[in-house]
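Below you'll find the structure, written out as structure tokens, and then a few comments.
Residue numbers (our numbering), protein chains in the order written: chain D, 13 to 128; chain C, 5 to 119.
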């Protein structure tokens, strides 16, 4: 099946610093990638839709200046959490759409961000 | 708007017994339905999907799900549960047509299979 790689798996940073999370589709080209945030024992909250070569589309309530998304190539999307604060600590998951006709998504392993 | 309901936060099953994880959906149009499984601190793994055709869909690890249009349900089932099936299960729906349509996830059901 399709493989989506997400890096880093774990990251701890100080408050006020920025953290970049990468999402790569390893064996297919992904024109569309999605970024989710998951709180403990809760469902996935869609943050934004990332389209290759264009600006990301953010969901209502998600600060685009805090969560910068870049989709520079067909295999790479990045999420940068800028000026991180403890409330940004969460599990971030990316996914890539492999088949437009069916909307099937494949997910990365997730990145656990802890802001001290 | 589309939505998914997973009425049970947790399901407990004895190993070897059949399991069912419930899911109902609401969508204005023909749905695409998915089940994903998540192990602790991991991403989601695709289990199965319903797009069209046979209402009974077979997926990975012996799981299957039945699409019931009249009841707007897509319950996940397995004839004989394993301890290793213990995980968090998510049902998801999108509108048919793909095209980058977003998946809407349910709140998840924690499955616990005990010896």
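Virtual Cβ for every residue (Gly too), placed ideally from N, Cα, C.
In this structure, residue 107 of chain D sits near residue 120 of chain D, with a CB-CB distance shorter than 8 Å. Scanning its chain for C-beta atoms nearer than 8 Å, with the 5 sequence neighbours on each side dropped, one finds around residue 79 of chain D the residues 47, 59, 60, 70, 91, 92, 93, 94, in chain order.
Nearest to residue 38 of chain C by alpha-carbon distance, out of C:8, C:47, C:24, C:117, is C:8. Contact of residue 109 of chain C with chain D is assigned, a C-beta pair being separated by under 8 Å. Under the DSSP assignment, residue 35 of chain C falls in the beta strand (DSSP E) whose first and last residues are 35 to 42.
A residue is called buried when at least 16 other Cβ atoms come within 10 angstroms of its Cβ; residue 35 of chain C meets this threshold and is buried. Residue environment analysis places residue 29 of chain D among the exposed positions, since fewer than 16 neighbouring C-beta atoms fall within 10 angstroms of its C-beta. Counting only residues of its own chain and dropping the five nearest sequence neighbours on each side, residue 66 of chain C has a CB closer than 8 Å to the CB of 82, 83, 84.
No residue range can be given for residue 54 of chain D, since it is assigned to no beta strand (DSSP E) and is classified by DSSP as neither H nor E.
In this chain, the beta strand (DSSP E) harbouring residue 48 of chain C covers 48 to 54. Chain-order list of chain C residues neighbouring residue 121 of chain D: 46, 47, by C-beta distance under 7 Å. For residue 6 of chain C, same chain residues with a beta-carbon under 6 Å away, outside a window of 5 residues either side, are 31, 97, 108 in chain order. Within chain C, the residues placing a beta-carbon under 8 Å from that of residue 55 of chain D are 94, 109, 110, 111, 112, ordered along the chain. Within its own chain, the residues whose Cβ lies closer than 8 Å to the Cβ of residue 20 of chain C, once the five positions on either side in sequence are excluded, are 84, 85, listed in chain order. With fewer than 16 other beta carbons inside 10 angstroms of its own, residue 43 of chain C counts as exposed. Here residue 87 of chain C carries a helix assignment [DSSP, helix/strand/coil]. Chain D has no Cβ within less than 8 Å of the Cβ of residue 116 of chain C. Inclusion of residue 110 of chain C and residue 55 of chain D in the CB contact set at 8 Å is warranted, their separation being smaller than that value. For the set C:23, C:87, C:45, C:54, the Cα lying nearest the Cα of residue 29 of chain C is the one of C:54.
Here residue 97 of chain D is near residue 127 of chain D, since their CB atoms are less than 8 Å apart. The Cβ atoms of residue 122 of chain D and residue 105 of chain D lie closer than 8 Å to each other. Residue 62 of chain C has a beta carbon lying at 8 Å or more from every beta carbon in chain D. Any Cβ of chain D closer than 8 Å to the Cβ of residue 106 of chain C would place that residue at the interface, and such an atom is present.
About 18 Å separates the CB atoms of residue 23 of chain D and residue 16 of chain D; that is not less than 8 Å, and the two are not in contact.
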